[in-house]
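In order, the protein sequences belong to chains Z and U. For the first sequence, the working numbering begins at 172 and goes up steadily by one. For the second sequence, the working numbering begins at 486 and goes up steadily by one. Virtual Cβ for every residue (Gly too), placed ideally from N, Cα, C. Source: prediction; values computed, not measured.
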Amino acid sequence: MSPGPDFPTGAYIAGREGIESAYRTGRGSFTMRAKAAIEAASKDRDNIVITEIPYQVNKSRLIERIAELVQTKKIEGIADVRDESSREGMRIVIELKRGEESQFILNNLYKFTQMQESFHMILLSIVGGQPRELGLIQMIKLFIEHRVEVVRRRTMFELRKAEEREHILVGYQVALDHLDSVIRVIRGSASRAEAKENLFKYFTQQDVTITENGKSRKLEGVKLDGRKYRFLGAPEIEAIAGANALGLSYAQIDAILELQLHRLTQLSIDDI
Amino acid sequence: MKELKSIRDLIAELREILSSDKKLKQVITAELKEVHKAYGDDRRTQIVDKGGRDQTGRFDRGH
Chain Z
172 MSPGPDFPTG AYIAGREGIE SAYRTGRGSF TMRAKAAIEA ASKDRDNIVI TEIPYQVNKS
232 RLIERIAELV QTKKIEGIAD VRDESSREGM RIVIELKRGE ESQFILNNLY KFTQMQESFH
292 MILLSIVGGQ PRELGLIQMI KLFIEHRVEV VRRRTMFELR KAEEREHILV GYQVALDHLD
352 SVIRVIRGSA SRAEAKENLF KYFTQQDVTI TENGKSRKLE GVKLDGRKYR FLGAPEIEAI
412 AGANALGLSY AQIDAILELQ LHRLTQLSID DI
Chain U
486 MKELKSIRDL IAELREILSS DKKLKQVITA ELKEVHKAYG DDRRTQIVDK GGRDQTGRFD
546 RGH
């Protein structure tokens with residue numbers, strides 16, 4: 172399921188023991204090798220063609236290194252090194268001399284250059300503020316725990332937001348079911364602040380004094396049907412009318428006061 | 486009553502996620518699959534046995 176590290180430069184990882192150790196204990200090392208092919212240039216001359224090199228190996232420096240090995244005669248049998256890389260990809264061509272044993276030279280290139288590189292893995296993680304070296308299974312376990320926490324918190328946040336919205340919508344529902352009274356209370360109030368207070372009283376079954384045609388009038392508060400509306404409960408309602416009392420919260424009343432008249436069309440009423 | 490209905494459905498779903506460990510893990514799985522779909526790509530580095538042959542049949546030399 173998880174074969175091992177993958178590098179943007181491709182190439183090969185030779186051997187699985189180091190990877191296994193890293194995934195088991197958090198530490199391990201492995202060997203990376205360039206991707207090289209032996210191509211016949213003529214019937215007695217081969218080219219070694221490198222198309223992928225280990226991660227973090229510098230191509231020009233690798234070519235310089237090969238040239239240096241040729242000059243100091245550490246490796247013999249190489250006639251020329253050319254960089255034929257293009258937009259399509261890397262291509263380093265090592266021309267061999269006539270009749271040379273190409274596999275032997277390739278092996279020496281692996282041995283003496285960065286065509287072969289050792290890599291060390293340390294699976295270091297910060298767990299609860301402490302750095303720790305983790306095996307893969309432990310790491311995955313901790314990652315899942317972390318995701319559980321993140322998703323749980325996010326869901327709780329979304330739930331709270333949805334419940335707040337539900338609360339406002341129930342407020343709209345109440346207002347629409349008692350629309351004539353709501354308008355009466357608002358029209359009979361002197362200011363927005365007073366309209367808010369009067370609506371609060373009206374829906375918590377208290378008497379409200381409003382002004383109609385220049386005269387003061389007493390309006391009896393309404394008892395809301397507890398089976399019809401689902402309420403969240405708000406501290407301001409409980410303070411006035413006791414626990415589990417019905418009424419509209421200030422948040423609901425504010426939302427009602429912000430309603431635009433077009434929301435009273437049949438279509439908009441359906442939308443709520 | 487469209488919005489009220491849909492918000493109540495959402496609330497029911499969110500509550501289910503919070504109350505069921507199985508449901509929560511399903512959410513995580515689905516999200517990880519999304520990440521895989523968006524960012525996953527093919528391997529570039531091939532893993533071969535030490536000194537053995539790789540998948541292309543090319544001889545991969547040992548030390």
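> For Z:Tyr-183, which three-state DSSP category applies?
Replying inline: strand
>> In this structure, how does DSSP classify Z:Val-393 when only helix, strand and coil are distinguished?
In response: For Z:Val-393, the three-state secondary structure derived from DSSP is coil.
> Got a sec: is the Cβ-Cβ distance from Z:Gly-248 to anything in chain U below 8 angstroms?
Replying inline: Not an interface residue.
> Mapping DSSP to helix, strand and coil, what is Z:Met-203?
Replying inline: strand
>> Just to make sure I have the definition right: I need the residues of chain Z whose C-beta is within less than 8 angstroms of the C-beta of U:Lys-507. Which are they?
In response: Within chain Z, no residue comes near U:Lys-507; the closest Cβ sits about 12 angstroms away, beyond 8 angstroms.
> In whole angstroms, what is the alpha-carbon distance linking Z:Lys-268 and U:Lys-535?
Replying inline: 28 angstroms
>> What does DSSP give as the partner residue(s) for Z:Arg-324 in the beta ladder?
In response: In the DSSP output, where bridge partners are listed per residue, Z:Arg-324 has none listed.
>> If we require 4 or more residues per run, which alpha helix (DSSP H) segments fall completely within the region 223-294 of chain Z?
In response: 230-242 and 273-283
> Taking buried to mean at least 16 other C-beta atoms within 10 Å of its own C-beta, is Z:Ile-293 buried or exposed?
Replying inline: Exposed, because fewer than 16 other Cβ atoms sit within 10 Å of the Cβ of Z:Ile-293.
>> Below 8 angstroms on the Cβ atoms is my contact criterion, and I expect Z:Ala-205 with Z:Ile-221 to pass it. Report the Cβ-Cβ distance as a whole number of Å.
In response: 5 angstroms
> Quick one, which of U:Val-533, U:Arg-528 and U:Ile-532 has its alpha-carbon nearest Z:Pro-179's?
Replying inline: U:Arg-528
> Between which two residues does the beta strand (DSSP E) containing Z:Gln-301 stretch?
Replying inline: 301-304
> Around the Cβ of Z:Leu-295, are there at least 16 other Cβ atoms within 10 angstroms (buried) or fewer (exposed)?
Replying inline: Within a 10 Å sphere around the beta-carbon of Z:Leu-295 sit fewer than 16 other beta-carbons, which makes this residue exposed.
>> Could you tell me which whole alpha helix (DSSP H) segments of length 4 or greater appear in the region 342-428 of chain Z?
In response: Segments of the alpha helix (DSSP H) lying fully in the region 342-428 of chain Z: 350-358, 363-374 and 406-412.
> Which value, in whole angstroms, describes the spacing of the CA atoms of Z:Glu-409 and Z:Ile-427?
Replying inline: 20 angstroms
> Using CA coordinates, which residue listed in Z:Glu-334, Z:Gly-299 and Z:Met-327 is at the minimum distance from Z:His-317?
Replying inline: The option with the nearest alpha carbon to Z:His-317 is Z:Gly-299.
> Going straight from the alpha carbon of Z:Ile-246 to that of Z:Leu-307, what length do you get?
Replying inline: 41 angstroms
> What residues of chain U sit near Z:Met-292, judged by a beta carbon separation below 7 angstroms?
Replying inline: Those within 7 angstroms of Z:Met-292 in chain U number zero; the least Cβ separation is about 13 angstroms.
> Who are the near neighbours of Z:Arg-303 in its chain, counting only those whose CB is closer than 7 angstroms to its CB and skipping five residues on each side?
Replying inline: Ser-296, listed in sequence order.
> Just the Cα atoms here: how many angstroms apart are Z:Ile-237 and Z:Glu-272?
Replying inline: Between Z:Ile-237 and Z:Glu-272, the alpha-carbon positions lie close to 17 angstroms from each other.
>> Only counting the same chain, and skipping five residues up and downstream in sequence, which positions put a Cβ closer than 6 angstroms to that of U:Gly-542?
In response: The pLDDT assigned to U:Gly-542 is 41, lower than 50, so where the model puts this residue is not dependable; a value taken from the coordinates is nonetheless given after this. Counting only Cβ-Cβ distances below 6 angstroms, and skipping sequence neighbours, we find nothing.
>> Since Z:Asp-396 and Z:Lys-389 should fall inside the 8 angstroms C-beta cutoff, what is the C-beta to C-beta distance between them, to a whole number of angstroms?
In response: With 8 angstroms as the limit, Z:Asp-396 and Z:Lys-389 do not qualify as a contact, their Cβ atoms being about 23 angstroms apart.
> In chain order, what residues of the region 325-351 of chain Z put their CB closer than 8 angstroms to some CB of chain U?
Replying inline: Thr-326, Met-327, Glu-329, Leu-330, Ala-333, Glu-334, Arg-336, Glu-337, Leu-340, Val-341 and Gln-344
> Which residues mark the beginning and the end of the beta strand (DSSP E) in which U:Ile-532 is found?
Replying inline: 531-533
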